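Residue numbers (the working numbering): 2 to 339.
Below is the structure:
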């Protein structure tokens, strides 16, 4: 694991925070390159389990090197607090994009799933089970490339688990039945179940199971069959609907054999979509659609439309504020005694 020195980086604005750490935009003073720097929060430096997890995350990330996983560059300590430097991904998260633009087409969903399955398979090949795959942990580049991040509760199968027996970890809406039950024998199949939840959400605009509290959601994960996309009236190839249902199987043995097989099915669907969709040589922002597979181009366009919409909103807000201020100043001037 490469040791870095905190003082070699100039911190910029905060770009994310949680109970464990804070992430800043950081510029390398020597090269001018821009990164993301995550540093452990002062409030948790005396909590052994949290520090151990942070160290474990650094060790895991150092082992992984894949185009669909946020790249790790090294880490160290600063004033007694652990920190590490990683790739800065500036297109927001899949969660942000879903909230801004709604459900995805089946072509975009298949493309996202293909990339995520590739990331999961790389992790599983290195003994890493993510355990918290969800839209908020999937980061986007403007060209439509996905990056899986936040390995804070990942399970390292090459080391002893640091999770207490019977304790569930993860996010309720994406938690496999065996995780809900607190089983110790966790495998990469839990990530495949979470992938099924994410793909379902991209198509349907909601997670497979919803409820007012975690107990209701847990009960559905354990005992209720999710609706098919066909039953919900959502158009997509039968192969995609069937794949999502198999990923959401209650028993790990009934899910696909591994992430590689999922990647293969989704890759075929992406190839089919690319063959059916005519090439568009028009530029979309900084991305030329002719340089990308069609589903990835569709995804890139969605990301860029979201960014453009945000910029438009900002300009409209500034214009509206300017008009309001002008009116107020005008009223004040008229009201002044002559």
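Here a beta-carbon is modelled for each residue, glycine too, at the ideal position from N, C-alpha and C.
Owing to the predicted nature of the structure, the values given are computational and were not obtained by experimental measurement.
Which first and last residues belong to the alpha helix (DSSP H) in which residue i is found?
| i | result |
| --- | --- |
| residue 103 | Residue 103 -> no alpha helix (DSSP H), and no H or E assigned at all. |
| residue 273 | 260-277 |
| residue 50 | 49-64 |
| residue 228 | From DSSP, residue 228 is part of no alpha helix (DSSP H); its letter is neither H nor E. |
| residue 119 | 107-126 |
| residue 241 | 239-248 |
| residue 179 | 178-181 |
Where residue i and residue j are concerned, what is the direct C-alpha to C-alpha distance, given to the nearest angstrom?
| i | j | result |
| --- | --- | --- |
| residue 85 | residue 23 | 11 Å |
| residue 197 | residue 126 | 20 Å |
| residue 228 | residue 219 | 16 Å |
| residue 221 | residue 26 | 40 Å |
| residue 204 | residue 264 | 18 Å |
| residue 129 | residue 195 | 15 Å |
| residue 237 | residue 248 | 16 Å |
| residue 131 | residue 192 | 7 Å |
| residue 21 | residue 56 | 12 Å |
| residue 257 | residue 17 | 34 Å |
| residue 77 | residue 60 | 12 Å |
| residue 315 | residue 101 | Residue confidence for residue 315 is low, a pLDDT of 43 falling below 50, so the modelled location carries little weight; the figure read from the coordinates is stated next. The straight-line gap from Cα to Cα measures roughly 15 Å. |
Look up residue i in the DSSP assignment and give the residues it is bridged to.
| i | result |
| --- | --- |
| residue 18 | 23 |
| residue 204 | DSSP, once it has assigned bridges, lists no residue as partnering residue 204. |
| residue 210 | According to DSSP, residue 210 bridges with nothing at all. |
| residue 148 | 140 |
| residue 94 | 140 |
| residue 36 | 27 |
Exposed or buried, what is residue i when buried is set at 16 or more other beta-carbons lying within 10 Å of its beta-carbon?
| i | result |
| --- | --- |
| residue 254 | exposed |
| residue 190 | buried |
| residue 225 | exposed |
| residue 49 | exposed |
| residue 4 | exposed |
| residue 186 | exposed |
| residue 103 | exposed |
Distance cutoff 8 Å, beta carbons only. Does residue i sit that close to anything in chain D?
| i | result |
| --- | --- |
| residue 84 | Absent from the structure is chain D; it holds one protein chain and no more. |
Check whether the Cβ of residue i sits closer than 7 Å to any heavy atom of the ligand FMN, and report yes or no.
| i | result |
| --- | --- |
| residue 260 | Inclusion of the ligand FMN in the displayed structure is not the case, the ligand content being empty and no account of it being possible. |
Span of the beta strand (DSSP E) holding residue i?
| i | result |
| --- | --- |
| residue 86 | 82-87 |
| residue 78 | 73-79 |
(request) Evaluate contact between the stretch 98-113 and the stretch 26-37, counting only Cβ atoms and requiring at least three cross-stretch pairs below 8 Å. (result) The answer is no - the stretch 26-37 does not touch the stretch 98-113, with fewer than three Cβ pairs under 8 Å.
(request) Mind the definition here: the stretch 57-66 touches the stretch 264-278 only if three or more C-beta pairs lie below 8 Å; say whether that holds. (result) The stretch 57-66 makes no contact with the stretch 264-278; the number of CB pairs closer than 8 Å stays below 3.
(request) Check whether the stretch 84-98 touches the stretch 130-144, taking contact to mean three or more Cβ pairs, one atom from each stretch, closer than 8 Å. (result) Contact between the stretch 84-98 and the stretch 130-144 is present, because at least three Cβ pairs lie under 8 Å.
(message) Quick test of the definition: if touching needs 3 or more C-beta pairs under 8 Å, does the stretch 34-42 touch the stretch 7-18?
(response) In the pairwise beta carbon analysis, the stretch 34-42 is classified as touching the stretch 7-18: at least three pairs are separated by under 8 Å.
(request) Kindly confirm or deny that the stretch 67-77 and the stretch 144-161 touch, where touching means at least three C-beta pairs closer than 8 Å. (result) Touching, per the Cβ criterion.
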